[in-house]
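Below is one structure, written out as structure tokens, with a few remarks after it.
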Amino acid sequence: MNFVPFIATGVGLGAVYGMSAIGLVVLYRSSGTINFAFGALGAAAAHCTWTLIEVDVPVWLAWCCGILLATGLSFLYGRFVSSRLADRSQSVRAIATLGLALLLLGTITSIWGPGLPRRLSLPTDQMNAVIFGLKISYTRLGALAFAIAAMVSVGLLLARTRIGLAMRALASSRTVSGQIGIDVANVDAVAWVISGAFAGVAGLILADLLLMSPIPLTFLVIPAIAAAVLGRLGSMPGAFIGGMVAGLAEALLTVVPHVSALRSAAPYVIALLFITFVTNAQLGERE
Amino acid sequence: MKHFWTLLGGVALAATFAGSPSVAEAAPQCGMNTGQAATGAPIPIGAIATASGAADISSGTQGAKAYFDCVNANGGINGRPIAFAMEDDQTRPDKAAELAKKLVEDHKAVALVGSSSLVDCIATSEYYEQAGIVSIMAAAVAPHCFAGRNISMMNAGPRYGGLGVVKYAVETLGIKHLVCPQPTVPGADWICDGMQKFAESKGIGFSRFPVDQQTVDNDSLVQQILQTGGDAALYNGSVPTYVPFLAAAERADAGSQVKFLFPMPMFNPDIPKTVGSYWNDKVWVNLEFRSPVDSGPDGSNFLEVMKAAGTAPDALAQGGYLAARLVTETLLKLDPATIDRASVTAALEAVQTFESDMLCQPWAYGPKDAAGRLGNRSGLTAQIHADGWQVNEGCVTLTDAEIAE
Chain A
143 MNFVPFIATG VGLGAVYGMS AIGLVVLYRS SGTINFAFGA LGAAAAHCTW TLIEVDVPVW
203 LAWCCGILLA TGLSFLYGRF VSSRLADRSQ SVRAIATLGL ALLLLGTITS IWGPGLPRRL
263 SLPTDQMNAV IFGLKISYTR LGALAFAIAA MVSVGLLLAR TRIGLAMRAL ASSRTVSGQI
323 GIDVANVDAV AWVISGAFAG VAGLILADLL LMSPIPLTFL VIPAIAAAVL GRLGSMPGAF
383 IGGMVAGLAE ALLTVVPHVS ALRSAAPYVI ALLFITFVTN AQLGERE
Chain B
274 MKHFWTLLGG VALAATFAGS PSVAEAAPQC GMNTGQAATG APIPIGAIAT ASGAADISSG
334 TQGAKAYFDC VNANGGINGR PIAFAMEDDQ TRPDKAAELA KKLVEDHKAV ALVGSSSLVD
394 CIATSEYYEQ AGIVSIMAAA VAPHCFAGRN ISMMNAGPRY GGLGVVKYAV ETLGIKHLVC
454 PQPTVPGADW ICDGMQKFAE SKGIGFSRFP VDQQTVDNDS LVQQILQTGG DAALYNGSVP
514 TYVPFLAAAE RADAGSQVKF LFPMPMFNPD IPKTVGSYWN DKVWVNLEFR SPVDSGPDGS
574 NFLEVMKAAG TAPDALAQGG YLAARLVTET LLKLDPATID RASVTAALEA VQTFESDMLC
634 QPWAYGPKDA AGRLGNRSGL TAQIHADGWQ VNEGCVTLTD AEIAE
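Protein chains in written order, with this note's numbering: chain A, 143 to 429; chain B, 274 to 678.
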């Protein structure tokens, strides 16, 4: 069995997992919220873009509109719902985003139907580069490049700018941040806008590379969370590497007998092992 | 730029067949055609449909209901209306068992007609036999249906429908090595078992491997198919995965090496345009029924009945319509005063020739008490061609060692 093609498919899959994981970590680092609606926001963007392309709106404009939709929905949720849950526990805030996810999924399904044949594609899907013997489409390379660029730029935003400092302060303590004069509502809104933009881009790329269907797109947030866990929910490079590991594992397990039929569980198993052994080992060292 | 609102305002319920019906509108013809509503003692009939859970394939049962509604509006069964009860099994075999009991013991159904379910028969086939009730299904999927003594169906199902397109591929396309990716869902191994037996009987190569149905990584699945060296692959994934699977196959240029074969659910008018011109003459699909658009009077009547009921005229609904028409014609031959489960069961078991221009060959219930039955034993094959579907003439007769002749 030739493993090389599966490394290529794994790199592609890992790039999309990593990109989604970075989007989740961005919001978590700035608001302490795990956004279960990340996938649903992306699905909304993908379906909006698909519809616009079907009525002959230029592709670039349709993509912009889809990303704007996801960004706008994320902003509205952050501004009018999440802000009211600011004093609640992390669990409550996370479960609330699950409610948003289900609301969006129901709306998308009622408008576009649950699984009718649709496809979102780019001309770069059929253009390939050969890197170290691996044949990878330009779209996948673009996803990889976007994930890396996003990781670097958001990292710089958080580390080197006033707004980034305010976002980190907010995640650390909302109360103290307000007391020292940080405009909590605005900073929160910025975090949700950034996360929403990520969700829009990730949703479009996922719809192009994987599938254009509302339910699977919505629940692709689950392996993204697993990848984010591998980055301990705080490290963007860690989340990206976690996504790549998860994607490669899922692809390479294709050729392992008796395991290939369960390979979609790879991201979760890896995250579970990480939590169990790596985190516990570090707790032990501290003790 | 087309106006966005034109799209929204112009979307209509589309027939799932290429082209528009080119028939003059006519009143639906059902049962006695009296034009008068039936008002006598109802005849209870039931059906189990998968309308929620893993999928919704209830349009088969909706098709049966549409025909029965038309019958009731046209004199019923010699004056007696059909009281049709449709239940949702939620894709749960235990729920299907509970509903079967409800239909048989509470509703007192004389027959089950037009069931369209992913899980019916798994926990109910023996119960139907014990209760002495026959089920003429619109769409059967579980292998237990095809082995049920009291069950027959209008569709060919995933195994026999798959055999139809594979047989075409062997005899007409000359394939030499069939690949059967086997999803990790109940019954998928039974489908590949049938393909393997057929391949061995024809002396062609065969490969099979388990496939994780939950993964979104179709690219790796395509690579796995390519590495078997096969020149044809029968894809049995779920309907929402057809397009992303072919998109992944196109990325790998797999269409230049492998002919892709699909069961009937792939036959959707939007598919050729969605998957693109790369797939012209590279995808083949089994058709269990002729297109009603140009099959003949019964096909036209099917479209009229569905239109009157507001039911989508898809392939599943065709099965429901045919099941309901079969049972209606059988009931009309009985003494309306003595219609009961025993007389209906005996009458249905005796049906050995039921014709429709939507069927390639006449349908038959098959040998009574046979452990394995397939009423619809023939079909057609279609391929993506010139960005649309091209139906290839010539019925493909299905045979399988597990089905009684």
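Heads up, the beta-carbon is just placed ideally off N, CA and C, and yes, glycines get one too. Only a predicted model underlies this, so the values are computations on that prediction, with no experimental measurement involved.
- Within chain A, no residue has its CB atom less than 7 Å from the CB of Ile464 (chain B), the nearest being about 15 Å off.
- Among the residues of chain A, those whose CB is under 7 Å from the CB of Ile544 (chain B) are Pro259, following chain order.
- For Thr249 (chain A), no chain B residue has a C-beta closer than 7 Å to its own C-beta; the minimum C-beta separation is roughly 15 Å.
- Look at Asp325 (chain A): its C-beta is not under 9 Å from any C-beta on chain B.
- Taking a C-beta distance under 9 Å as the contact criterion, Ile412 (chain A) and Gly376 (chain A) do not qualify as a contact pair.
- Chain order gives the chain B residues near Gly154 (chain A) as Asp492, where near means a beta carbon separation below 8 Å.
- The three-state reading of DSSP puts Ala643 (chain B) in coil, since its state is none of H, G, I, E or B.
- Distance from the CA of Leu632 (chain B) to the CA of Ala413 (chain B), rounded to the nearest whole angstrom, comes to 17 Å.
- With respect to chain B, the C-beta atom of Val371 (chain A) has no partner C-beta closer than 9 Å.
- In the DSSP assignment, Asn345 (chain B) falls outside any beta strand (DSSP E) and lies within the alpha helix (DSSP H) extending over Ser332 to Asn345.
- Sixteen is the threshold: since fewer than 16 other Cβ atoms of the shown chains lie within 10 Å of the Cβ of Ala300 (chain B), the residue is exposed.
- Within the same chain, and ignoring the five residues on either side of Phe562 (chain B) in sequence, the residues whose Cβ sits closer than 7 Å to its Cβ are Ala588, Gln591, Met631 and Leu632.
- From the listed residues A:Leu372, A:Thr317 and A:Ser355, the smallest Cα separation to Leu414 (chain A) is found for A:Leu372.
- Residue nearest to Ser388 (chain B) within the set B:Ser331, B:Lys555, B:Val624 and B:Ala461 is B:Ser331 (criterion: CA-CA distance).
- Ala393 (chain A) belongs to the set of residues whose beta carbon lies under 9 Å from a beta carbon in chain B.
- When DSSP assignments are scanned along the segment 189 to 276 of chain A, the uninterrupted stretches of alpha helix (DSSP H) that are 4 or more residues long and fall wholly within it turn out to be 201 to 222 and 232 to 254.
- Between Ile336 (chain A) and Leu299 (chain A), the C-beta spacing is below 9 Å.
- In this structure the segment 314 to 333 of chain A does not touch the segment 467 to 481 of chain B; the number of beta carbon pairs closer than 8 Å is below three.
- The alpha-carbon of Asn306 (chain B) is positioned some 23 Å away from that of Ala585 (chain B).
- Residue nearest to Arg374 (chain A) within the set A:Val296, A:Leu245, A:Arg221 and A:Thr418 is A:Thr418 (criterion: CA-CA distance).
- DSSP places Lys606 (chain B) in no alpha helix (DSSP H); its state is neither H nor E.
- By the neighbour-count criterion, in which a residue is buried when 16 or more other Cβ atoms sit within 10 angstroms of its Cβ, Lys338 (chain B) is buried.
- Closest in alpha carbon position to Val397 (chain A), among B:Thr601, B:Arg481 and B:Thr626, is B:Arg481.
- In this structure Lys440 (chain B) is buried. Its beta-carbon is surrounded by 16 or more other beta-carbon atoms within 10 angstroms.
- Taking all protein chains shown into account, Asp350 (chain A) has 16 or more neighbouring C-beta atoms within 10 Å of its C-beta and is therefore buried.
- Using beta-carbon distances, Tyr401 (chain B) does not count as an interface residue toward chain A, since no partner is under 9 Å.
- The criterion of a C-beta distance shorter than 9 Å is not satisfied by Ile406 (chain B) and Lys555 (chain B).
- In terms of Cα proximity to Phe357 (chain B), the closest of B:Val452, B:Ser398, B:Glu371 and B:Ala314 is B:Ala314.
- For Tyr508 (chain B), the nearest beta carbon of chain A is not closer than 9 Å to its own beta carbon.
- For Cys453 (chain B), the enclosing beta strand (DSSP E) has its first and last residue at His450 to Pro456.
- In the three-state scheme derived from DSSP, where H, G and I count as helix and E and B as strand, Ile176 (chain A) is classed as coil.
- For Ile347 (chain A), the closest Cβ of chain B is not nearer than 9 Å.
- What Pro147 (chain A) touches in chain B, judged by beta-carbon distance under 7 Å, is Gln496, going in chain order.
- The C-beta distance from Gly165 (chain A) to Met386 (chain A) rounds to 15 Å, too long to meet the 8 Å contact threshold.
- About 3 Å separates the Cβ atoms of Ser162 (chain A) and Ala366 (chain A), confirming a contact at the 8 Å cut-off.
- Between Val558 (chain B) and chain A, the shortest Cβ-Cβ separation is not below 9 Å.
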